[in-house]
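Chains as they are written, first to last, in the working numbering: chain A, 1 to 109; chain B, 1001 to 1497.
Note that beta-carbon positions come from the ideal geometry of N, C-alpha and C, so glycine has one too.
Predicted, not measured: the structure shown is a model, and the values here were computed from it.
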Amino acid sequence: MAIAPEDIRHLAALARLGVDDAQLPALVAELNGILGHMDVLAQVPLRDEESMAPDRGAMPLRDDRPSADPLHRERDAFAPAMRDGFFLVPRLATHGAAGATADDEEHSA
Amino acid sequence: MSATTQAGLADALLDEGVARIVEAVQRDATMAMAVVSAAHARIATREADAPGLNAVVATDWPHTQRATTDRIAEQQHHGTGALDGALAGVPVLIKDNIATLGLPTTCASRILSGYVSPFEATAVRRLVEAGAVVLGKTNMDEFAMGSSTEHSAFGPTRNPHDRSRVPGGSSGGSAAAVAAGVTPVALGSETGGSVRQPAAFCGVVGVKPTYGRVSRYGLVAYASSLDHIGVFGRSVNDAARVLEVIAGADSRDATAAAQPVPAFQHAVTGSLAGVVIGKPVEYFPDNLDPQIRARCEAALSQLAALGAEIREVSLPHTALAIPVYYIVAPAEASSNLARFDGVRFGQRQPGAGLREMYEATRSTGFGAEVQRRILLGTYVLSAGYYDAYYRRAQAVRQRITEDFATVFASGVHLLFTPTTPTTAFPIGAVTDPYEMYLSDIFTVTANLAGIPAMSLPIGRVDGLPVGGQLLAAHFDEATMLRVAAELEAALGAEAHQ
């Protein structure tokens, strides 16, 4: 089960880490080196109850899909207004003119 | 008493331990400020000899002075003229991953640079309520991931016995500060040996209580099923007194057990008659450093001379502990550290969009070892590998726990082992991550099983301290600390020679 560079990219995306291509060779070598020592666990015979398939219904696992925004509905569906990926909200009374609205050009993002 | 005389007495008290400080402060409350001032001065003097220890990473002396003055004034207002509390006037240092009020809590990470917690850990609150004075925060491996205190945004801590060597880790700052006499006691944290291993390397006492004995409210989570708060002390009874103060149930931590907290300090009697101490063969392998083996055998001889029965036992799954630990801990870390994203916690770095901001924040803020463990943890939890690694590791973890339960059910009260396979190694000498992980080979088992364990000095090899480890059954810290106090007394000066 050796880790390849594309695996590191996928793991980094899941973990929200930015990994430069220059870092990949070292990370591949380090993680494969560490995991090589873990393979000893595969030689431990499991008992019947330990070998049973886990009850996925009791603890659902989510897909390994990188997502910066794991929302049930798209942001646009409930955001009052958006610009450049950010919500536009009324400026606080303490930070600008009172009575400003989401339609106001002066709103901060 | 002149101010000069009082300062001299206070400085000497730092070397005499917690009980003497409390006695002095309970006689004369003004001695509290003198003792705390002496400890504060020692931080600077320990840094003055180049290269500095780099053990203490944050202080707020005006705040500490005010807190001490207020406390003295409050007691005098009540007419007692003396400070109350089991730790009255005792200066303490706190590892940088335990939340304190008024001092930064950064986990020695760039991502939490400057972060000041709005609340304090229950353990810290209990120390303060018992009269202790928080003097500062101590260096550590970033997010407690390491065994040498080299992986810190503050730079490495140095071992006070040989400044070219590591103090161990991850609580290396607390261990080095106590060993250097800055404070008599300090708090650390353990996930796989991060109190006991640096205690062994620095020649001090390090205690990891039972999982659940001490509230973890305010301890920044690394691997929640393995994390503990632990105690460093110059002596067994100093550490025991602190443990008595911080242990016990806490409504803010559901894992803090409601077990009664017995007395942990022990008056030495010179007898261990009736105590059965197991010597696990797996912790004394053929390739164990012969000088460390000799120190352990000498300690076992002392225990036998005190009347304890030494019995050879087996913990057959010991060799699997490091692979299990380095699957379970990174898996939990990959989840726990998700909160450091620049939105919930952490210094935000700009990015073109949300994902880019997350990635820039985390990649800039976390050091190499933390990122390596997050990637490892993400891998062992991902589809196709969860069963092969994580689930199997959990099954073997259960076997390791059962090994201990079987031995303790057979009439063995305690186990004695070396704490570490080596003495403190030179800074920069260990570059292979797995070789570094092996430094914890004798300590991770207690975290996996949740049993109490501690290290105490049992001698030196080539001038460097060697630690002996005692392990006990769940919630039997009292027996462990009793035997440790007896062994400490029996070894006497030999423990530091």
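Do you know offhand how far Y1389(B)'s Cα is from L1471(B)'s? Locating residue 1389(B) in the second sequence gives position 389, where the first residue counts as 1. Locating residue 1471(B) in the second sequence gives position 471, where the first residue counts as 1. If I take the Cα positions, the gap works out to 28 Å.
I want to see whether chain B comes within less than 8 Å of R65(A), judged by CB atoms only; does it? For the purposes of this step, residue 65(A) is taken as the residue at position 65 of the first sequence. Taking Cβ atoms only, chain B never reaches closer than 8 Å to R65(A), which makes this a no.
Could you pull out every residue in the same chain whose Cβ sits closer than 7 Å to the Cβ of G1017(B), ignoring the five residues on either side in sequence? By one-based count along the second sequence, residue 1017(B) stands at place 17. So the list reads P1184, R1234, S1235, D1238, once near-sequence residues are dropped.
What three-state label does DSSP hand V1182(B) in the structure shown? Locating residue 1182(B) in the second sequence gives position 182, where the first residue counts as 1. If DSSP states are grouped into helix, strand and coil, V1182(B) belongs with coil.
Residues bridged to N1159(B) by DSSP? As a first step, residue 1159(B) is located in the second sequence; it is residue number 159 there, counting from the start. Looking at the DSSP assignment, N1159(B) forms a beta bridge with D1162(B).
Taking beta-carbon pairs under 7 Å, can you tell me which members of the segment 1163 to 1175 of chain B lie near chain A? none
C-beta atoms of Q1469(B) and T1401(B) nearer than 8 Å: Here residue 1469(B) is taken as the residue at index 469 of the second sequence, counted from 1. Here residue 1401(B) is taken as the residue at index 401 of the second sequence, counted from 1. No; because the gap between Cβ atoms is not below 8 Å, this pair is not in contact.
Applying a beta-carbon distance threshold of less than 9 Å, which residues of chain A neighbour R1362(B)? Taking the first residue of the second sequence as position 1, residue 1362(B) is located at position 362. Ordered by position in chain A, the residues that pass the 9 Å Cβ test against R1362(B) are A15, R16, L17, G18.
Segment contact flag, the segment 1251 to 1268 of chain B with the segment 1280 to 1289 of chain B, C-beta cutoff 8 Å, min 3 pairs: no
Let me see if you follow: with CB-CB separation under 8 Å, is Y1283(B) close to chain A or not? Counting from one through the second sequence, the residue named residue 1283(B) turns up at place 283. No, because no Cβ of chain A sits closer than 8 Å to the Cβ of Y1283(B).
Should A1048(B) go down as buried or exposed, given a rule of 16 or more other Cβ atoms within 10 Å for buried? Residue 1048(B) sits at position 48 when you count from the first residue of the second sequence. Exposed, because fewer than 16 other Cβ atoms sit within 10 Å of the Cβ of A1048(B).
Could you work out which residues of chain B lie near L46(A), taking near to mean beta carbons separated by less than 8 Å? As a position in the first sequence, residue 46(A) is number 46, starting the count at 1. Ordered by position in chain B, the residues that pass the 8 Å Cβ test against L46(A) are R1392, A1395.
What separation, rounded to the nearest whole angstrom, lies between the Cα atoms of A1490(B) and A1304(B)? Numbered from 1 along the second sequence, position 490 holds the residue referred to as residue 1490(B). Numbered from 1 along the second sequence, position 304 holds the residue referred to as residue 1304(B). Using only the alpha carbons, I get a separation of about 11 Å.
Within a Cβ cutoff of 8 Å, which residues of the same chain sit near D1162(B), ignoring the five residues on either side of it in sequence? Residue mapping note: residue 1162(B) aligns to position 162 of the second sequence, counting from 1. Contacts found: A1424, G1463, L1464.
Give a yes or no on whether the minimum CB-CB distance between E1477(B) and chain A is below 8 Å. The sequence position of residue 1477(B) within the second sequence is 477, counting from 1. Output row for E1477(B): interface = no.
Measuring CA to CA, which of T1479(B), F1475(B), L1487(B) is closest to P1209(B)? As a position in the second sequence, residue 1209(B) is number 209, starting the count at 1. Here the closest residue by C-alpha is F1475(B).
Buried versus exposed, by CB contacts within 10 Å (16 or more), R83(A): Here residue 83(A) refers to the residue found at position 83 when the first sequence is read from its first residue. Counting Cβ neighbours within 10 Å, R83(A) comes out exposed, since fewer than 16 surround it.
CA-CA distance, A1179(B) and A1055(B)? Locating residue 1179(B) in the second sequence gives position 179, counting from the first residue. Locating residue 1055(B) in the second sequence gives position 55, counting from the first residue. About 11 Å.
Is any beta-carbon of chain A found at less than 8 Å from that of E1488(B)? Reading the second sequence from its first residue, position 488 is the one you call residue 1488(B). No, because no Cβ of chain A sits closer than 8 Å to the Cβ of E1488(B).
Residues of the segment 1377 to 1389 of chain B whose Cβ lies closer than 9 Å to any Cβ of chain A, in chain order: G1377, T1378, Y1379, V1380, L1381, S1382, A1383, G1384, Y1385, Y1386, D1387, A1388, Y1389
Checking contacts by CB at 8 Å: is T1105(B) closer than that to chain A? Stepping through the second sequence from its first residue, residue 1105(B) is reached at position 105. With 8 Å as the cut-off, T1105(B) does not count as an interface residue toward chain A.
With a threshold of 8 Å between beta-carbons, can M82(A) be considered close to chain B, or not? In the first sequence, the residue the question calls residue 82(A) occupies position 82. M82(A) does not count as touching chain B.
Could you give the first and the last residue of the continuous alpha helix (DSSP H) run that contains E74(A)? For the purposes of this step, residue 74(A) is identified with residue 74 of the first sequence, where counting begins at 1. Unbroken run through E74(A): none, as it is neither H nor E.
Assuming A1240(B) contacts L1481(B) under a Cβ cut-off of 8 Å, what Cβ separation, rounded to an integer in Å, is found between them? The residue you call residue 1240(B) lines up with position 240 of the second sequence. The residue you call residue 1481(B) lines up with position 481 of the second sequence. Correct: roughly 5 Å between the Cβ atoms.
Going by C-alpha distance, which of V1461(B), A1256(B), D1060(B), V1276(B) is nearest V1407(B)? Walking along the second sequence from the start, residue 1407(B) turns up at place 407. Selected option, being the one with the closest Cα: V1276(B).
How big is the Cα-Cα spacing for Q1302(B) and L1487(B)? Here the question's residue 1302(B) lines up with position 302 in the second sequence. Here the question's residue 1487(B) lines up with position 487 in the second sequence. C-alpha separation (whole angstroms): 7 Å.
C-alpha gap between M1357(B) and S1334(B), whole angstroms: Taking the second sequence and counting its residues from 1, one reaches residue 1357(B) at position 357. Taking the second sequence and counting its residues from 1, one reaches residue 1334(B) at position 334. Distance between the alpha carbons of M1357(B) and S1334(B) is about 18 Å.
With 8 Å set as the bound, which would you pick, yes or no: does the beta-carbon of Q1371(B) sit closer than that to a beta-carbon of chain A? Here residue 1371(B) corresponds to residue number 371 of the second sequence, with the count starting at 1. Yes, Q1371(B) lies at the interface with chain A (some Cβ there is under 8 Å from its Cβ).
Does the beta carbon of L24(A) come closer than 8 Å to any beta carbon on chain B? Locating residue 24(A) in the first sequence gives position 24, where the first residue counts as 1. Output row for L24(A): interface = no.
S1412(B): which of P1426(B), V1166(B), E1309(B), D1341(B) sits nearest, CA to CA? The residue given as residue 1412(B) occupies position 412 in the second sequence. Inspection of the sequence shows that residue 1412(B) is occupied by Val rather than by Ser. Checking every option, the nearest Cα to that of V1412(B) belongs to E1309(B).
Classify L92(A): buried if its beta carbon has 16 or more other beta carbons within 10 angstroms, exposed otherwise. Along the first sequence, one-based indexing puts residue 92(A) at 92. With fewer than 16 Cβ atoms within 10 Å of its Cβ, L92(A) is classed as exposed.
Assuming G1346(B) and L1112(B) form a contact by the criterion Cβ under 8 Å, report the distance between their Cβ atoms to the nearest whole angstrom. Taking the second sequence and counting its residues from 1, the one referred to as residue 1346(B) is at position 346. Taking the second sequence and counting its residues from 1, the one referred to as residue 1112(B) is at position 112. Indeed, because the Cβ distance is near 7 Å, the residues count as touching under 8 Å.
State the start and end residues of the unbroken beta strand (DSSP E) segment that holds P1316(B). The residue given as residue 1316(B) occupies position 316 in the second sequence. No beta strand (DSSP E) contains P1316(B), which DSSP labels as neither H nor E.
I want to see whether chain B comes within less than 8 Å of A42(A), judged by CB atoms only; does it? For the purposes of this step, residue 42(A) is taken as the residue at position 42 of the first sequence. By this cut-off, A42(A) is an interface position.
Cutoff 8 Å: D1253(B) Cβ touching any chain A Cβ: For this step, residue 1253(B) is matched to residue 253 along the second sequence. No, its Cβ sits nowhere closer than 8 Å to a Cβ of chain A.
Quick one: measure Cβ to Cβ for Y1167(B) and T1149(B), integer angstroms, because I've assumed they're closer than 8 Å. In the second sequence, the residue the question calls residue 1167(B) occupies position 167. In the second sequence, the residue the question calls residue 1149(B) occupies position 149. Position check: residue 1167(B) holds Pro in this sequence, whereas Tyr was assumed. Sure, about 6 Å apart at Cβ, within 8 Å.
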